[in-house]
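Going by the numbering used here, the final residue of the sequence shown carries number 526, and the count climbs one at a time with no gaps.
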Amino acid sequence: MQSNLCCARSCFSWNPEKTKLVLHNFELQQGLLNNPSPKPKIDKLKTSINFLKTSLSFGEDKLNKQQEEETTVPFYLPVSVRNSNSHFRYIWDGKDLKLVSVDGNALSISDLDSNFEDTLQKLVRICISAIRNFFLPREVSRNYLEYVKWKFVHRVSSSALQVLATQAMLRAIGIGHSRSLPLAAALNWVLKDGLGRLCRCIYTASLASSFDTNLKRVRFCTSVLFSLSIGVELLTPVFPQYFLMLASIANIAKQISLACYLATSTAVHRSFAIADNLGEVSAKGQIQTVCFDNLGLTLAATLNILSVNSPRLQAGLPFVMYPIFAVLDLFGIYQGLQHVHLQTLTKDRLDIIISTWIQQGFVPSPEEVSKKEGIGLFWSRGREPWSIRIGCLNPRCCTAKLSVMTMQSLNSEDFYFLSPESLTGELKRNQEYGVLLSLREGAGTIDVIRGILHASYVRKGIEACGSSNAVLKQWFNLVEDGKRLTEQNLSLFYEHMLSLGWACKNILLSTQEQARYSFIAD
Numbered sequence: 005m006q007s008n009l010c011c012a013r014s015c016f017s018w019n020p021e022k023t024k025l026v027l028h029n030f031e032l033q034q035g036l037l038n039n040p041s042p043k044p045k046i047d048k049l050k051t052s053i054n055f056l057k058t059s060l061s062f063g064e065d066k067l068n069k070q071q072e073e074e075t076t077v078p079f080y081l082p083v084s085v086r087n088s089n090s091h092f093r094y095i096w097d098g099k100d101l102k103l104v105s106v107d108g109n110a111l112s113i114s115d116l117d118s119n120f121e122d123t124l125q126k127l128v129r130i131c132i133s134a135i136r137n138f139f140l141p142r143e144v145s146r147n148y149l150e151y152v153k154w155k156f157v158h159r160v161s162s163s164a165l166q167v168l169a170t171q172a173m174l175r176a177i178g179i180g181h182s183r184s185l186p187l188a189a190a191l192n193w194v195l196k197d198g199l200g201r202l203c204r205c206i207y208t209a210s211l212a213s214s215f216d217t218n219l220k221r222v223r224f225c226t227s228v229l230f231s232l233s234i235g236v237e238l239l240t241p242v243f244p245q246y247f248l249m250l251a252s253i254a255n256i257a258k259q260i261s262l263a264c265y266l267a268t269s270t271a272v273h274r275s276f277a278i279a280d281n282l283g284e285v286s287a288k289g290q291i292q293t294v295c296f297d298n299l300g301l302t303l304a305a306t307l308n309i310l311s312v313n314s315p316r317l318q319a320g321l322p323f324v325m326y327p328i329f330a331v332l333d334l335f336g337i338y339q340g341l342q343h344v345h346l347q348t349l350t351k352d353r354l355d356i357i358i359s360t361w362i363q364q365g366f367v368p369s370p371e372e373v374s375k376k377e378g379i380g381l382f383w384s385r386g387r388e389p390w391s392i393r394i395g396c397l398n399p400r401c402c403t404a405k406l407s408v409m410t411m412q413s414l415n416s417e418d419f420y421f422l423s424p425e426s427l428t429g430e431l432k433r434n435q436e437y438g439v440l441l442s443l444r445e446g447a448g449t450i451d452v453i454r455g456i457l458h459a460s461y462v463r464k465g466i467e468a469c470g471s472s473n474a475v476l477k478q479w480f481n482l483v484e485d486g487k488r489l490t491e492q493n494l495s496l497f498y499e500h501m502l503s504l505g506w507a508c509k510n511i512l513l514s515t516q517e518q519a520r521y522s523f524i525a526d
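Okay, structure coming up:
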């Protein structure tokens, strides 16, 4: 019996159907070999068979349990999700699909029971990520963070200066003293605000195009004007009898600075919005301004609280802190503008790009042009020899014969012409000349680019001629050679500009550069 039972066990292969078949054959064999009449033998056989079934069922349950344990081991799916600065991955634990953090920027209750240092580091990372998402846009150029850093210095110093100046003017009109006249104080305050806003409108209307063509220069110069206006306001307690005059002059300067800030902010924000998220960048900029201004207000209030026990120190505090805050304010705005890389095209910016293309054989990026362009603190007193100017022909400065011959040779297909013009008086012996680019009515962006590229090639040819008289004699040959080079290289040059992110759709020109000529038949 035992040998037969061992034979049956060895034949079992953990298959229930096969197990039944083996047991059935085993019963048949026992019935054929033995006498079925003895009942004790049959009972022993049934008992052995039941024991065998129980053992086999236990082994099968154990195997199924091991297989279930193997399938419930959690594993990561090949899909991840990024949300702002957080990184998540999907995980399957055999029953549920879960989304778990893989960069440590998620904090759960179970983390509080683990290592305190790891939990603290994770909490710090979460706070830094939250602050960054609150202050900074998601997709901006890499120079944006440097701009915000210097904007912090600029806004905090500027806000502190305004608090000190407001305090000084309130002291000048007698607020807080029994001898003050509320009606006269209110009238003076309203008058100085009204005059400031009127001058702001006049300034904005007269220099509207300069906000595009000379953005950095105008922005910095008006910042200098703002700092000077704070200094004028600080003088009102010293000369209270001239309060209206001093306050009006200071408010006019502040309104002009405010107009420039509002007019140029959109262009500055657009230079950082690499994903066309101008609205987000502008919104974050307003958040930064409010927070930084409040910090400056808190700083000024703290200085006043510290000096409250000393009236003499409190009276002299604005004059002591003014030069410090003014220098920090101007230094912050100057450094911030250095990190603004405009992609829009102006005549000066396009002149730098084309000169680099001709001399060095490549198109510079907006960052490289921004470094060469600088802020332009001072307007140049005069033009350099053979510099390019866009505008109309001035009879007093042009070379009459060459200009007449140039205009006579024009046809309906030309959208510009080049002409030499004198940069010095007619009585001077050594006259200096420049290149005039005159645009026709209806000239498009590509025509302006072609004209400046053509003038740059002519200027390169002038370098080999030597004297100005030799240039005038060979002028038409220089123009023809420059035109041929322009047609050969214009397409390649334009493609390189587009690939580097330059906004070639429009070219921003000043009021003088927008002058156009037209044929009588047009």
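From the three backbone atoms N, C-alpha and C, an ideal C-beta is built for every residue, glycine too.
All figures in this text were calculated on a predicted structure; none of them were measured in a lab.
Residue i (DSSP reduced to helix, strand or coil)
| i | result |
| --- | --- |
| ILE95 | strand |
| VAL483 | helix |
| SER442 | strand |
| SER426 | strand |
| LEU56 | The predicted model places LEU56 with a pLDDT of 49, which falls under 50 and marks its position as unreliable; any figure quoted below should be read in that light. LEU56: helix per DSSP, three-state reduction. |
| ASN493 | helix |
| LEU334 | helix |
| PRO241 | coil |
| THR348 | strand |
| PHE523 | coil |
| ALA507 | strand |
| LEU513 | coil |
| ARG393 | strand |
| VAL144 | coil |
| LEU414 | coil |
| PRO322 | helix |
| PRO399 | coil |
| PHE366 | coil |
| VAL85 | strand |
7 Å Cβ shell around residue i - same chain, five flanking residues per side excluded
| i | result |
| --- | --- |
| THR240 | ALA172, MET173, ALA176, PHE247, LEU250 and ALA251 |
| ASN313 | none |
| GLY505 | GLN347 and PRO370 |
| ARG223 | CYS264, THR268 and LEU341 |
| SER522 | ARG444 and GLU445 |
| VAL462 | LEU422, VAL439, LEU482, VAL483 and GLY486 |
| ALA254 | SER233, VAL236 and GLU237 |
| THR449 | CYS508, LYS509, ASN510 and ILE511 |
| PRO2 | In the structure as shown, the chain begins at 5 and stops at 526. Residue 2 is therefore absent and cannot be evaluated. |
| TRP361 | VAL367 and PHE497 |
| ASN39 | Bear in mind that a pLDDT of 48 at ASN39, under 50, signals an unreliable position, so the number given afterwards is only what the model happens to contain. Within the same chain, ASN39 has no close Cβ partners at all. |
| LYS376 | ILE356 |
Expected contact under 8 Å - CB spacing of residue i and residue j to nearest Å
| i | j | result |
| --- | --- | --- |
| THR490 | LEU457 | 5 Å |
| ILE260 | LEU165 | That pair is no contact at about 16 Å. |
| ASN218 | HIS345 | That belief does not hold up - the Cβ atoms of ASN218 and HIS345 are roughly 16 Å apart, past 8 Å. |
| ILE379 | ARG221 | 6 Å |
| LEU334 | SER231 | 6 Å |
| PRO163 | LEU301 | In the sequence under discussion, the amino acid at residue 163 is Ser, which differs from the Pro named in the question. The Cβ separation is near 5 Å, so the contact holds. |
| GLY395 | GLU517 | 6 Å |
| ILE256 | CYS205 | Actually they do not touch by this definition, with Cβ atoms about 11 Å apart. |
Beta-carbon gap between residue i and residue j smaller than 8 Å
| i | j | result |
| --- | --- | --- |
| TRP390 | VAL439 | yes |
| LEU422 | ALA459 | yes |
| THR268 | PHE215 | yes |
| LEU427 | GLU436 | yes |
Beta-carbon contacts of residue i that lie in its chain and below 8 Å, excluding the five residues immediately before and after
| i | result |
| --- | --- |
| LEU282 | THR270, HIS273 and ARG274 |
| THR410 | PHE421, LEU422 and SER423 |
| SER374 | GLN342, VAL344, HIS345 and LEU346 |
| GLY289 | SER269 and HIS273 |
| GLN292 | PHE139, VAL152, LYS155, PHE156 and ARG159 |
| GLY355 | The amino acid occupying residue 355 in the given sequence is Asp; Gly does not appear at that position. Hits under 8 Å: ILE392, ILE456 and SER460. |
| ARG201 | GLN259 |
| ASN298 | SER163 |
| LEU321 | LEU168, LEU307, ASN308 and SER311 |
| SER359 | SER460 |
| LEU502 | CYS508 |
Neighbourhood of residue i by C-beta distance below 6 Å, restricted to the same chain and skipping five residues each side
| i | result |
| --- | --- |
| VAL144 | PHE276 |
| TYR151 | GLY340 and HIS343 |
query = Pairing CB atoms from the segment 333-346 with CB atoms from the segment 148-161, are three or more of them under 8 Å?
reply = yes
task = Would you check if the segment 347-356 and the segment 500-511 touch, i.e. whether three or more CB-CB distances between them fall below 8 Å?
result = yes
inquiry  = I'd like to know if the segment 368-380 and the segment 493-502 are in contact, where contact means that at least 3 CB-CB pairs between them fall below 8 Å.
reply    = no
query = Does the segment 130-147 come close enough to the segment 321-328 that 3 or more CB-CB pairs lie under 8 Å?
reply = no
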